[in-house]
Structure formats: structure tokens, C-alpha cells
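First up is the structure itself, then whatever we jot down about it.
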Amino acid sequence: MSQALPGSERKQALRPLRLLLIDDNPHDRELVTRAISHHFAPLTVLPARDAEEFERAITEEEFDAAIIDYELRWTTGIEVLRRIKSLRPQCPVLMFAASGSTEVAVEAMKEGLDDYVTKTPGHYARLPYALDACLERRTAERAWAQLAAVVESSDDAIIGMAPDGRVTSWNHAAARLFGYPEDAILGQSIEQIIPPELREAEGSVLARIALGEHVNHYETVRVAQDRRAIPVSVRLSPILDRAGAIIGISKVARDITERKRVEEALRLADQRKDAFLATLAHELRNPLTPIRYATRLLEPGVPPQMASDAKKMIDRQLAQMAHLLDDLLDVSRVTRGVLEIDHEQLDLREIIDGAVASVRPLAETARQELTVSLPADALSVSGDSVRLAQILGNLLHNATKYTPTGGHIAVIGAATGEEVIVRIKDDGIGIAPEALQTVFDLFVQVEAPGTRSAGGLGIGLSLSRDLVRLHGGLIEAHSAGLGFGSEFVLRLPRAAETPALTESVAAPQKVTALGASGVRVLIVDDNVDAATSLSYVLALAGYQTAVAHDGRRALDLAETLRPSVVLLDIGLPSMSGHEVARHLRAVPWGKDLRLIAVTGWGHERDRMKSLEAGFDAHLTKPIDPELLLQHIARAARSVA
Ligand code: ADP
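For the sequence shown, the numbering used here begins at -17 and goes up steadily by one.
Encoded structure:
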């Protein structure tokens, strides 16, 4: 301020000012007003000529600064100062001091007076500059307080350093992130939080800052007080004085632990997806090879035993492919949240029995002992029999897959007050502790693809978990480690009511035998191969069959043949399977007809549409011939 320019040239002095002037001398007030009028615009001077006026001004008026005369008739300058500071602690206050006796003013400065000016004509010229300096200091103080609040409330660590790397300021976030309280690190070297192997590199960064460069975000690692490594993104800038000299370095460090975690998770998911696609290609191609060979063995002249083996091979491979595709479609449905399940009253014992029966041949081939222990009372649950069978089948299939020849698999069902619990235990290869966390994740297979021999896509457990959740239950994996076997525990809410009796389905062998001649089955499918092969299967089972490849022909044939069962494809040329079904239901003899949709459309919506059109059942291709035979046998029984 000492080198202040003459008033007329000080552009920044032209700030607005409302000044409270506590002086009972009109002449002096006039001098003050004149002395400052060129420096402030607009200028409003609020005079306080007596105690009353002062009190009113201090309680009711707004003002930016106050000037107190050293001599007042009604009180002392110090008293006035105290009163102002008590009500407006932030308000800059100047005082006139009598020439030759400035002790009072010096005393007053201890009580918060901002500055004083000696009351001589010569000193009046200093008044506007003194006022301006006070106001500027206040503005700077306010800005500083605001900045400090911002720094303190920041989530980023904001650190001030001297050019040599000593810490000069350390905000709350820095204390939180690195664990050092402010007083433990102020004055210490910043190296404390830099890992030893990075110190040299950090030194060169500081050297760049010393040259005035800014260093934009770079990712690095810092060490907290408890020696934890914290990934951070750091930004450094020089702190300059007015002359542009570097007086310090500011460092902003952002904790990127969470971002790193998400990046890593995405990377893993991406890696898993790639591995999955490779496995998928492999798993789909695998069954195609034997199918291709086997079809050559079905030509005439091939010895009957070979042809029969070939047929079995094709069956097995097709089943595997269909299973893979079903799982894939289910996963996609779960992901899109469109998978719905039934909520029937069921006895889980029946489903366990069914699932065990389906894996028993596998276990027998591997000479594994498969034991089942179920309570005498029903294991009542509310759920979807197909989905529950799928879950149990998955777990059991895994148990045989991941248990070596000669191993043991036990299935134990039990009910507690609220839960039905099924444990599937094996003494197979087991699961490493770190893998236990992830076996239920999509596309996770513990071994790397290519090195495994068991096959599969790594979706079975993920799908099972989702299906169990849809049933309001949960599924857990336990293992004491590699080589110690595994246990999968399925928990489902126990249903209160006793299960309704469900129609028990005859075992497949019996069904085939049931194929009563005299039962007429009409097959409608525009795929000639599909219709023909199906008609062969049914003919072999003893049924009379007829084939139509479009809706119109189907209706004509039905009218003459009066079949008991119609197997109807939905997507037919010119007339849809739904329309054909409606027509058939409308004729008098069509009421008792068994109408079965045989279609590639397997969504819940499609099922509903079929039922609305009058179908009795909706089967999704590729249909297991045995299952189809069961359906037809059921129809045959009801006609008989
Ligand atoms: P997939 O069997 O098709 O690989 P899953 O989702 O069914 O996929 O299983 C995921 C992984 O969990 C398997 O690759 C296997 O490593 C492990 N796993 C599942 N069941 C068992 C088990 N009973 N014993 C050992 N490991 C198992």
C-alpha cells in the first residue's frame, strides 16, 4: 500500500461504500467525507452524532466500515469500538487518534481495531487508502475462509508442500485417506506416503513442478500410515507468489480404489466372456462330430448293431446340445428378468427321485456309488417342478462330473420348521477356497478352458442359483479344498400345505409298451423330415399315424380320420397352428381330442397362447420322443 498510486488513477478504489461515521463534529465529518469521496462511488456516509443515532445505526443499518473519532461527547472511542465489534465482528473499523497521543488507538487495536489515522489535516489524505486496505483485507480473509472450507470439505486429499517436499497443509480428506493426522505430518517430508520404489520418479515430477509445469492427473500408488497401498490419481501444480516465483506445490490426490476394482471386475468379466465363447464353440462343435459320423452308419447295409449304436450316439449328442441351448436361453431370460416360474405345491422328494434317476446311468458308468436319503414325510415346497428338477439335475450332474471313478455321491433331503434342505455331497475333486466365492458366477469354470475334460459352459451353477432365488431360496457351496470333495446345499422355503396329488407320469419303458394300436395320431408339420421321422417313431410304438404339411390339409385329414391325438406345429404356411387348433376344437368330435403343440417357440407367452387356442399341452422342440410318447399314451388312456 505504501507505493499506492494517486487517488484518481486507482481504478480499483472506486468501490461502493456505506460508511458509518461516529463523530459529533460537523466540520470534521465534512472533512472526512471530502477526503474519501474521490475514492468510493457510490458513497453513503451514515453520521452518528450522538448515542441514540449510533445505537440506531448499529442495530438497523447496513454499512461496510466504520470510522470512530477519538473524542466523543457521550462516550469513549473504545466503548464504541467494543459495541461495533460485539454486533459486527467482521466490520472493518478505523479510529482517529489525537496527534501526539496514539496510545489509545494502539490499545484499541488489541481489541480488534483495524487501523488508525492521526487527526491532522495532512493525515486526512491517508484516510481513503487506510480504509481501502482494511476492506481489501476483509475481502481476502473472506475468500480465504471460503477456500479453506472448500478444501476441508473436499473428498480429495489436498496437500500443500514447500518446494523441497515438506508438507505445509493437509486437509481432512488427506488425513482420512492416508491415516496421518494433520499434526503428525505437517513439516514432515511427503516421501512418507510415497513407496520407496517410486521416490525417484516422484523426485523428477517435483523437479518439473519447480520449473513451473503443471502435472495433470497420473495414476500411482501411495502408502497409508498402516502400510496399505492406495491407488490414487494425482495432480500437481506450482503455487506462485505475485511475482511468479514458486513458493510451494499443491497436490490433489484422489482415491481410485473403487474405480480400479470396477475396472478389474470388467476386465475379468470380459476375459470370462471370451473364454466362454471359446468354450461354447468347442462344446457345440463337439457333439456335431459323432452325429456326422453316426448318420453315415444309418445307411442301408450297415450291420444292425452298428446302426443301433449310431442311433444311441445321435440321441445322446442331441440331448447334450439341446441341454446347452436350453441353459443358454434360460440364462438370457434370467438376465433380462423375463424368466417366470410356476408355484405349484410339490413334494420335493419326487423331484429328487427323478433327478437321481436321470444321473444314475452316468454314475453307474463311472462306477460311483449314488445314495439317497429322504425323510418319510413329504418335503413340501411351492415351486416349478421343471425348474427344480433342472437345479437338482445340474447339481447331481456336476457331482458325477467332478468326482472320479469309484467315488461316492450322497443326496440327503430334510425339512426343518421353515426350510426344506437338500445336500448333495461328493468326495470328488473339491473346490479351492478362493474358487468357492466365484463358482456361482456366470461363465466361471474353475479350470482354464482347454485343460478341462469335463465339458460344460460354466453356466449351470449360475443358472441354478438364479432359479433357486426365484423360488425364494438359496444355494451354497462348501468344500474343504481341492481333493476334499464338495457339498452343495439347496435351501427352499417350506410350504405349509400338504402337496396336492399330481398326476404321476408313467416310466418311459411302460409308455412305449402302452402304444395301443387303434389310436390314431395326426402329425402336422411343414418340415417334411420332422413330420416323417416323428410318424416313424409313433408307428414303431404301435400308433396309426397320418401326416399333413399345412393347416388346410390337416383339417381335411382330421375330418376323415377323426384322430384321438393331433401333434401340431405352430408356424405353418397359410394357416397357423393356433387357427387349426381353434377349428378342431369347434367341431363336435374335437372336444375330447388331445391337442399337443409341438413347436420351436418355448417362451411362457407362447405357452399361454397355445392354451388359449385350445391346446392341452405345449412341447418345445427338440422333443424327447419318450416324453412325447408319454403324452400320447396319456391321451390314449383317456380315449380308451
Ligand atoms: P460347468 O460344470 O459347466 O463348468 P457350472 O456352473 O455347473 O459349470 O460349475 C462351475 C464350476 O464349478 C465348474 O467348472 C467346476 O469347476 C465347479 N464345480 C461345480 N460343481 C462341482 C463339484 N461338485 N465338485 C467340484 N467342482 C465343482
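In this text, a Cβ means the ideal position worked out from N, Cα and C, and glycines have one as well.
Thr542 is the residue among Thr542, Ala107, Ala417 and Gly463 whose C-alpha sits nearest the C-alpha of arginine 502. For serine 558, there is no enclosing alpha helix (DSSP H), as DSSP marks it with neither H nor E. Taking non-hydrogen atoms of the ligand ADP into account, the C-beta of isoleucine 391 is found less than 6 Å away from none of them.
For the pair threonine 271 and alanine 292, the Cα-to-Cα distance works out to about 12 Å. Take the alpha-carbon of leucine 456 and the one of threonine 261: they are about 28 Å apart. Boundaries cannot be given for tyrosine 525, as no alpha helix (DSSP H) includes it and DSSP labels it neither H nor E.
Rounded to the nearest whole angstrom, the CA to CA distance from methionine 91 to aspartate 51 is 14 Å. The beta carbon of glutamine 299 lies closer than 7 Å to those of Pro269, Pro272 and Ile273 in the same chain, with the five residues before and after it left out.
Distances from the alpha-carbon of lysine 573 to those of Val402, Pro178 and Val547 put Val547 closest.
The DSSP-derived three-state label of valine 320 is coil. In this structure alanine 345 touches threonine 382 by the C-beta definition: roughly 5 Å separates them, less than 8 Å.
By the criterion of a C-beta distance shorter than 6 Å, threonine 26 is surrounded in its chain by Arg0, once the five residues flanking it on both sides are discounted. Taken atom to atom, the span from the alpha-carbon of leucine 69 to that of leucine 188 is near 48 Å.
A direct Cα-to-Cα measurement between methionine 77 and alanine 125 gives close to 25 Å. Here the alpha carbons of glycine 161 and aspartate 5 stand approximately 56 Å from one another. With 16 or more other Cβ atoms inside 10 Å of its own Cβ, methionine 143 counts as buried. Under the DSSP assignment, proline 110 falls in the alpha helix (DSSP H) whose first and last residues are 109 to 135. Beta-bridge partners assigned by DSSP to isoleucine 505: Val529 and Leu549. DSSP places asparagine 153 outside any alpha helix (DSSP H), giving it a letter other than H or E.
Exposed is the label assigned to tyrosine 518, since fewer than 16 other Cβ atoms lie within 10 Å of its Cβ.
Closest by C-alpha distance to leucine 577, out of Ala618, Asp252, Trp583 and Arg587, is Ala618.
Within the DSSP secondary-structure output, arginine 473 pairs in a beta bridge with Ile403 and Leu456.
Taking C-beta atoms under 8 Å as the contact rule, leucine 516 and valine 402 fail to qualify, at a distance of about 39 Å. Counting only residues of its own chain and dropping the five nearest sequence neighbours on each side, glutamine 302 has a CB closer than 7 Å to the CB of Pro269. Check the Cα spacing between glutamine 526 and each of Ala139, Ile176, Ile614 and Glu561: the tightest is with Ile614. The ligand ADP never approaches leucine 262 closely enough for any of its heavy atoms to be under 6 Å from the residue's Cβ. Collapsing the DSSP output to three states places arginine -3 in a strand. Sequence-distant partners of isoleucine 373 (beyond 5 residues in either direction) whose C-beta falls short of 8 Å from its own C-beta, in its chain, are Ser446, Leu449, Val450, Ile457 and Leu472.
In the DSSP assignment, the residues bridged to glutamate 326 are Gly365. With a cutoff of 7 Å on beta-carbon distance, isoleucine 167 and asparagine 153 are scored as not near each other.
Nearest neighbour of glutamate 201 by Cα position, chosen from Gln170, Gly194, Arg241 and Asp165, turns out to be Arg241. With distances taken between CA atoms, glutamate 400 lies nearest to Gly454 out of Gly454, Val569, His390 and Asp137. Within the same chain, Ser556 and Met557 come within 8 Å of arginine 534 by CB-CB distance, once the 5 residues on both sides are set aside. In this structure, DSSP gives arginine 204 an extended state, which the three-state scheme calls strand. Unbroken alpha helix (DSSP H) stretches of 4 residues or longer found wholly inside the segment 202 to 278: 239 to 278, given in chain order. Selection Ala251, Gly395 and Leu306 evaluated against aspartate 423 yields Ala251 as nearest (Cα-Cα).
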